[in-house]
Amino acid sequence: MKKGIRWAFVIFITPVLLWLFLLIVLPHIDLLIMSFRIEDDFGNSTWSVSNYLNFFNEPIYWLTFARTAVYSILVTSLTFIVALPVAFFITKVVDVRYQGFLTMLLLLPFWVSELVRVYGWMILLRESGVINHFLLKAGLLRQPVEMLYNDVTMVMGLVYTSMLFMVVPLISVLDSLDDSLIEAAYDLGANMGSILVKIIIPHSMPGIVSGSIVVFMLTLGNYLTPNLMGGKNSLWFTEQIYNQFIASFNWNQGSAFGFLLLLLSSLVIWAGLKLTGQKLSKVVK
Amino acid sequence: MIRTLPNSRRYQVGFKLYMFLYFGFLFAPLLVTCVLAFNDSQFPSLPWKGFTIEWFTANLPERVGIFHDTINLYSIWVSARVAFFVTIFSVGVGTCAAFLFEQEDFRFKQGLYFLMLAPLVVPGVILGISILLFSNTLGMFFEDHWALDVGLFRPGFWLVVLGQFSFIATLVTLVVSARLKKFDRSLEEAALNLGANRFEVIWYITLKFLRPAIIGSAAVAFLMSFENFNTTLFLVGSDATLPINLYLQVRDGSTPVINAISFLLIVFTSTAALANLYFSKKER
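Heads up: the protein sequence lines correspond to chains A and B, in order. Sequential numbering of the first sequence, starting at 1, is according to our numbering. Sequential numbering of the second sequence, starting at 1001, is according to our numbering.
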């Protein structure tokens, strides 16, 4: 019987090791190696740091990188600001009877492909779009306005896309917040603001951190929304990676970009966990 | 403030208005997409020119509905096949991983667990390019050393399957693990005492207990694979999956056929989501 148990262990661990090493560990090591190699004119490849030097010497590269990082932080904060009242309403304010229904309604749009949702925004907002049609009909506009292809629209699209990953963790932490704490604070004369800052936010911290990490990572790595809703000047760093890989066919340069993006996202996730003293294994639940 | 406390009227009305606007924001793009799938116009925009289902059924020179649109139909078929294999692989490996992390003890377990979580926090684009690079490296290695040309290592169907599997398996692992945690191990011990071997125990008892989690995670895995864009973008060969194919069409201008496809997707996914929710409620 002892032997049988070891066999089970072997059967369980083999596919898991194959998966993690062949598809996660080795590819990322390869990414790191490729980013430190260049090809000369004769097709021979040598070690070099010039891929990284290119990144710092070309303003367009590091500017896009900084832009992507700053906008991702902005999107994460906006998503939080929009999602907190929603989660609070569903867990604490609305009649208990409607709670399940509203939660379900909230999740429904996110089962639909991101592409379909972005496409929906495009037909709403573009120059010949639905919103322009109604504004013209109502006489509020004389000329149709192009509402797509600018940074504001892009940020709105990114907030829309990542909403779910903020609302769900917030609902689950607020659900565990005991109502009597808020009642006690209210009886002692606290106003809305101090209840929010002293009770709700501290209690929701685990949910806020896990939501923010996921939203930040997804926004940073998003390609569809910036590409379809952003304008010519709203370059996203993933587009630079795509250009290097598919358009210029410079895989070494693309690897360097990819590795930098991976570094940034890991760094921010690590900092977020450290600042709030949480563990990754807790947060992903 | 909350439902048990007295609230001013202004607070309640204001909050309800906010929620109303929020749900409007949430559903507006989907609603518009669906409605315009039935507009009798060459473009997916207003004015409303009358109701038609031609964008689904027509087969005219200037108007080819989705049921006759071979390119889009083929990409749906590709996506369905990819999703099928991704589901099979990730449910298989994810269940193994759940047993491994919940029921076995070994050295470096913590490290391996951490590694298993990693795909969730690596951006999909990075997963895509690193798998593309590695498969290319392997392909070159095989060609240089054994003069073998292995199709698997070139961008295409199986690389897409592997790329999506690499992170969907993590999700399955987490869902199945969560259920396995609730499993009463004395049931296994009882079966072992009664003379069953380890595999019989797993097959007849543990897997029966895990069935709802396995079915639920399979449904989620199928949907996630069907809709994946970021990782697929770098691994796709000549057979485009549906999201890639739609992306190319949306980028270069669009016709109501895309609305028709979107409508079908919305109906299909919301039915699946509701069914999933219904069955998981019933199970509890």
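Idealized CB from N, CA, C, for every residue including glycine. Given the structure is predicted, the values throughout are model-derived calculations rather than measurements.
**Message:** Let's see if you can read the secondary structure: which residues bound the alpha helix (DSSP H) around I1053/B?
**Reply:** Against the second sequence, residue 1053/B aligns to sequence position 53. Where I1053/B is concerned, there is no enclosing alpha helix (DSSP H), given that its DSSP letter is neither H nor E.
**Prompt:** Tell me, which residues are paired with E39/A by DSSP?
**Reply:** For the purposes of this step, residue 39/A is taken as the residue at position 39 of the first sequence. According to the DSSP secondary-structure assignment, E39/A is paired through a beta bridge with S45/A.
**Item:** Residue from W1158/B, V1172/B, T1241/B, L1242/B whose Cα sits closest to the Cα of P1212/B
**Value:** Counting from 1 along the second sequence, the entry for residue 1212/B is found at position 212. Checked all of W1158/B, V1172/B, T1241/B, L1242/B; the closest Cα to P1212/B is V1172/B.
**Message:** Closest to P169/A by C-alpha separation, out of L107/A, L260/A, A138/A, I60/A, would be which residue?
**Reply:** Taking the first sequence and counting its residues from 1, the one referred to as residue 169/A is at position 169. Looking at the Cα atoms, L107/A is the closest of the given residues.
**Request:** State buried or exposed for A184/A, treating a residue as buried only when at least 16 other CB atoms are found within 10 Å of its CB.
**Result:** Mapped onto the first sequence, residue 184/A falls at position 184. The residue in question, A184/A, is exposed, as its Cβ has fewer than 16 Cβ neighbours within 10 Å.
**Item:** Exposure label - R1198/B; buried when at least 16 CB within 10 Å
**Value:** The residue labelled residue 1198/B in the question sits at position 198 within the second sequence. Buried, by the Cβ-count rule.
**Asked** If we count Cβ pairs, one from each stretch, closer than 8 Å, do we get three or more for the region 1180-1188 of chain B versus the region 1106-1115 of chain B?
**Response** Verdict: no, contact absent.
**Asked** Once you ignore the five residues that flank G231/A on each side, which residues in its own chain have a CB closer than 6 Å to its CB?
**Response** For the purposes of this step, residue 231/A is identified with residue 231 of the first sequence, where counting begins at 1. Here the set comprises Y149, N150.
**Request:** Helix, strand or coil for V1064/B, going by three-state DSSP, please let me know.
**Result:** Residue mapping note: residue 1064/B aligns to position 64 of the second sequence, counting from 1. Note: V1064/B maps to strand in three-state DSSP.
**Item:** Inter-residue Cα distance where the pair is L63/A and F1141/B
**Value:** Along the first sequence, one-based indexing puts residue 63/A at 63. Along the second sequence, one-based indexing puts residue 1141/B at 141. If you draw a straight line from the Cα of L63/A to the Cα of F1141/B, it comes to about 37 Å.
**Message:** To test your reading of the DSSP string, which unbroken beta strand (DSSP E) runs of 3 or more residues are found completely within the region 79-136 of chain A?
**Reply:** Complete beta strand (DSSP E) runs here, min 3: none at all.
**Request:** Give the DSSP bridge partners of N1039/B, in chain order.
**Result:** As a working note, residue 1039/B is residue 39 in the second sequence. Answer is F1051/B.
**Message:** Any C-beta of chain B within less than 7 Å: which residues of the region 219-240 of chain A qualify?
**Reply:** Residues passing the 7 Å Cβ filter: L220, G221, Y223, L224, L228, T238.
**Asked** In angstroms, rounded to a whole number, what distance separates the CA positions of A1118/B and L1060/B?
**Response** Residue mapping note: residue 1118/B aligns to position 118 of the second sequence, counting from 1. Residue mapping note: residue 1060/B aligns to position 60 of the second sequence, counting from 1. The straight-line gap from Cα to Cα measures roughly 50 Å.
**Message:** With a threshold of 7 Å on Cβ separation, who are the neighbours of K2/A within its own chain once the five nearest residues in sequence on each side are excluded?
**Reply:** Along the first sequence, read from residue 1 onward, the residue named residue 2/A stands at position 2. Bear in mind that the predicted position of K2/A carries a pLDDT of just 49, short of 50, making it unreliable; the figure below should be weighed with that in mind. Answer for K2/A: no residue qualifies.
**Message:** Less than 7 Å between C-beta atoms, sequence neighbours within five positions excluded: which residues of the same chain meet that for K285/A?
**Reply:** Position 285 of the first sequence, counted from the first residue, corresponds to residue 285/A. Here K285/A scores only 49 on pLDDT, less than 50, and its place in the model is too uncertain to base an answer on.
**Request:** Determine the DSSP secondary structure at T1271/B, reduced to helix, strand or coil.
**Result:** Taking the first residue of the second sequence as 1, we reach residue 1271/B at position 271. If DSSP states are grouped into helix, strand and coil, T1271/B belongs with the helices.
**chain B contacts made by the region 171-193 of chain A, where a contact means CB separation under 8 Å** = From the region 171-193 of chain A, only D179, I182, E183, Y186, M192 have a Cβ closer than 8 Å to chain B.
**C-beta neighbour in chain A for M1140/B, strict 8 Å** = On the second sequence, residue 1140/B is found 140 positions in, with the first residue counted as 1. At a cut-off of 8 Å between C-beta atoms, M1140/B does not count as an interface residue with respect to chain A.
**Message:** Are the CB atoms of Y223/A and V1250/B within a distance shorter than 8 Å?
**Reply:** Reading the second sequence from its first residue, position 250 is the one you call residue 1250/B. Reading the first sequence from its first residue, position 223 is the one you call residue 223/A. Cβ distance not < 8 Å, so V1250/B and Y223/A don't count as in contact.
**Message:** With the cut-off set at 8 Å, would you say F209/A and G272/A are in Cβ contact?
**Reply:** Counting from 1 along the first sequence, the entry for residue 209/A is found at position 209. Counting from 1 along the first sequence, the entry for residue 272/A is found at position 272. Note on residue identity: the sequence assigns Val, not Phe, to residue 209/A. Yes, the Cβ-Cβ distance between V209/A and G272/A is below 8 Å.
**Item:** Cβ shell of V130/A (< 6 Å), same chain only, five flanking positions each side left out
**Value:** In the first sequence, counting from the first residue as 1, residue 130/A sits at position 130. Answer for V130/A: L124, listed in chain order.
**Item:** Coarse secondary structure for K285/A, derived from DSSP in three states
**Value:** Here residue 285/A is taken as the residue at index 285 of the first sequence, counted from 1. With a pLDDT of 49 at K285/A, under the threshold of 50, the modelled position of that residue is not reliable, and no figure is offered here.
**Request:** Take Y61/A as the anchor and find which of S172/A, G277/A, Y242/A has the nearest alpha-carbon.
**Result:** In the first sequence, counting from the first residue as 1, residue 61/A sits at position 61. Ranking S172/A, G277/A, Y242/A by Cα distance to Y61/A puts Y242/A first.
**Prompt:** What residues in its chain sit with their C-beta under 8 Å from that of I1066/B, if we drop five residues either side in the sequence?
**Reply:** For the purposes of this step, residue 1066/B is taken as residue 66 along the second sequence, with counting starting at 1. Contacts found: W1055, F1056, N1072, L1073, V1257, A1260, I1261, L1264.
**Prompt:** Along chain A, which residues have their Cβ under 7 Å away from the Cβ of L1133/B?
**Reply:** Taking the second sequence and counting its residues from 1, one reaches residue 1133/B at position 133. The contact set of L1133/B on chain A, defined by CB atoms closer than 7 Å, consists of P27, D30, L31, M34, W251, S255 in chain order.
**Item:** Residues near A256/A by beta carbon distance below 7 Å, same chain, minus five either side
**Value:** Mapped onto the first sequence, residue 256/A falls at position 256. Closer than 7 Å at Cβ, skipping near neighbours: S35, N51, Y52, F55.
**Asked** DSSP three-state call for L18/A: helix, strand or coil?
**Response** Within the first sequence, the letter at position 18 stands for residue 18/A. The answer is helix: DSSP assigns L18/A an H, G or I state.
**Prompt:** For the region 1110-1125 of chain B, which residues have a CB atom closer than 8 Å to at least one CB atom of chain A, in sequence order?
**Reply:** Answer set for the region 1110-1125 of chain B: L1112, Y1113, F1114, L1115, M1116, L1117, A1118, P1119, L1120, V1121, V1122, P1123, G1124, V1125.
**Request:** Work out the CA separation of L158/A and T225/A for me, nearest whole Å.
**Result:** Indexing the first sequence from 1 puts residue 225/A at position 225. Indexing the first sequence from 1 puts residue 158/A at position 158. Taking the straight line from one Cα to the other gives about 6 Å.
**Message:** I need the DSSP call for T1241/B, collapsed to helix, strand or coil.
**Reply:** Along the second sequence, read from residue 1 onward, the residue named residue 1241/B stands at position 241. Three-state DSSP puts T1241/B in coil, outside helix and strand.
**Prompt:** Along chain A, which residues have their Cβ under 9 Å away from the Cβ of V1250/B?
**Reply:** Your numbering for residue 1250/B matches position 250 in the second sequence. The contacting residues are L115, V118, Y119, M122, L228.
**Prompt:** Buried or exposed: where does A1083/B fall if 16 or more other Cβ atoms within 10 Å of its Cβ makes it buried?
**Reply:** Along the second sequence, read from residue 1 onward, the residue named residue 1083/B stands at position 83. With 16 or more Cβ atoms within 10 Å of its Cβ, A1083/B is classed as buried.
**Asked** Looking at the unbroken alpha helix (DSSP H) that takes in S1217/B, where does it start and where does it end?
**Response** Position 217 of the second sequence, counting from 1, holds the residue named residue 1217/B. Where S1217/B is concerned, the enclosing alpha helix (DSSP H) stretches over 1207-1227.
**Secondary structure of P1006/B, DSSP reduced to three states** = Counting from one through the second sequence, the residue named residue 1006/B turns up at place 6. If DSSP states are grouped into helix, strand and coil, P1006/B belongs with coil.
**Message:** Which residues in chain A have a C-beta closer than 8 Å to the C-beta of S1008/B? List them in chain order.
**Reply:** Mapped onto the second sequence, residue 1008/B falls at position 8. Close to S1008/B, with beta-carbon spacing below 8 Å, lies no residue of chain A; the smallest spacing is near 10 Å.
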